[in-house]
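Visitor: Dropping the structure in here first, questions after.
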């Protein structure tokens, strides 16, 4: 069964069998799905003819879902052609055409996209986490440490956010929860020195994974980026192929601000992937499409809840399914309300 057919089956009130990933995304994207669905259904309820006013309203609806202005215009233009091509007139026909097109666009944006975490073929894998304060970097590091430990990997954490009050202690708490060691220095100490010590420990003890938590703010953006580059130089000097990943952590509840942050970090740091936190707490699930289309950087991990196992690998199909299933009324209900 194709992805849209599965979603369409859900529209019809049937209960298609969900994979474990789809169940996670179904629950985690409930808020985005409901808000986006309410907006679409309000749009469909008010339209009489599929005219320019309808597509202008659709564009505003998409922008409100944080898919980004450029992508909203692109989607709206493509939908104009698709609706005309299918000669869709009824509310249900237009709704289904729009959702099918959105599903196809989401899928197309992810073609040939590598969402997996890269691991070293030999020696420790080093994953560097970057992003502004408050986006959930430390929590992401802790949850990922727990998951890797559960998989049987030897994990070590580096508390390289030495500037934020409480950051070192917060990571140590996560280390205790995940039962993994944390390499740390004193507050305000040199982050690169902490990372050096962590790299040496990982090499000496044959650890599988080193997760590095970094600062999100120094005196200004230049200082922050210089500090990150210094940390990367230390890592690469000691392990030439590392870091295997530089993951930018973004708070999805901030919508377009997250996109702005991503653009700024990408300009100055070699970001290899995105971690989107707090997707369960936002109605701005469309930000995934904006990031993928405007940055050409894959989303690799998503936060779908507060539990320790709610940090999930990004699954494009499960994401689309979770975002769009149940958005449209079943056909028999739509016919009664027309």
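Residue numbers (full-length UniProt numbering): 1 to 338.
All residues carry an ideal CB built from backbone N, CA and C; glycine is no exception.
In the DSSP assignment, find the unbroken alpha helix (DSSP H) run with residue 162 in it and report its ends.
Guide: Element bounds for residue 162: n/a, residue is neither H nor E.
Visitor: Could you have a look at residue 313 and say whether DSSP puts it in helix, strand or coil?
Guide: Of the three classes helix, strand and coil, the one that applies to residue 313 here is strand, per DSSP.
Visitor: Measure the C-alpha to C-alpha separation of residue 50 and residue 43 and round it to an integer number of angstroms.
Guide: Distance between the alpha carbons of residue 50 and residue 43 is about 11 Å.
Visitor: Is residue 214 helix, strand or coil when you go by DSSP?
Guide: Note: residue 214 maps to strand in three-state DSSP.
Visitor: Anyone know if the C-beta pair for residue 145 and residue 183 falls short of 9 Å?
Guide: Taking 9 Å as the Cβ cut-off, residue 145 and residue 183 do not qualify as a contacting pair.
Visitor: Let me know the secondary structure DSSP gives residue 219 once reduced to three states.
Guide: Note that residue 219 scores 49 on pLDDT, short of 50, meaning its location in the model is unreliable; the coordinates nonetheless yield the value given after this. DSSP places residue 219 in coil when its eight states are reduced to three.
Visitor: Suppose the cutoff is 8 Å on Cβ atoms and the five residues either side in sequence are ignored; what does the same chain contact list for residue 137 look like?
Guide: If we look at residue 137 and ignore the five residues flanking it on each side, its Cβ neighbours are 129, 130, 131, 161, 213, 214, 216 and 249.
Visitor: Is the separation between the beta-carbon of residue 207 and that of residue 201 shorter than 9 Å?
Guide: Yes. Within cutoff.
Visitor: CB-CB under 8 Å to residue 289, same chain, minus the five flanking residues each way: which ones, in chain order?
Guide: Contacts found: 67, 68, 71, 105, 106 and 109.
Visitor: So, with DSSP's three-state summary, where would you put residue 323?
Guide: If DSSP states are grouped into helix, strand and coil, residue 323 belongs with the helices.
Visitor: Spatial neighbours of residue 53 within its chain, please: CB distance less than 6 Å, with the 5 preceding and 5 following residues excluded, ordered by chain position.
Guide: So no residue of the chain qualifies.
Visitor: Could you check what DSSP says for residue 295 in three-state terms: helix, strand or coil?
Guide: It is helical.
Visitor: Specify, as a first and last residue, the run of the beta strand (DSSP E) that residue 276 falls within.
Guide: Looking at the DSSP string, the run of the beta strand (DSSP E) that includes residue 276 is 273-277.
Visitor: Closest to residue 56 by C-alpha separation, out of 189, 241, 114 and 73, would be which residue?
Guide: Taking only the C-alpha atoms, the option nearest residue 56 is 73.
Visitor: Can you tell me whether DSSP reads residue 175 as helix, strand or coil?
Guide: It is helical.
Visitor: For residue 308, name the three-state secondary structure that DSSP assigns.
Guide: Coil.
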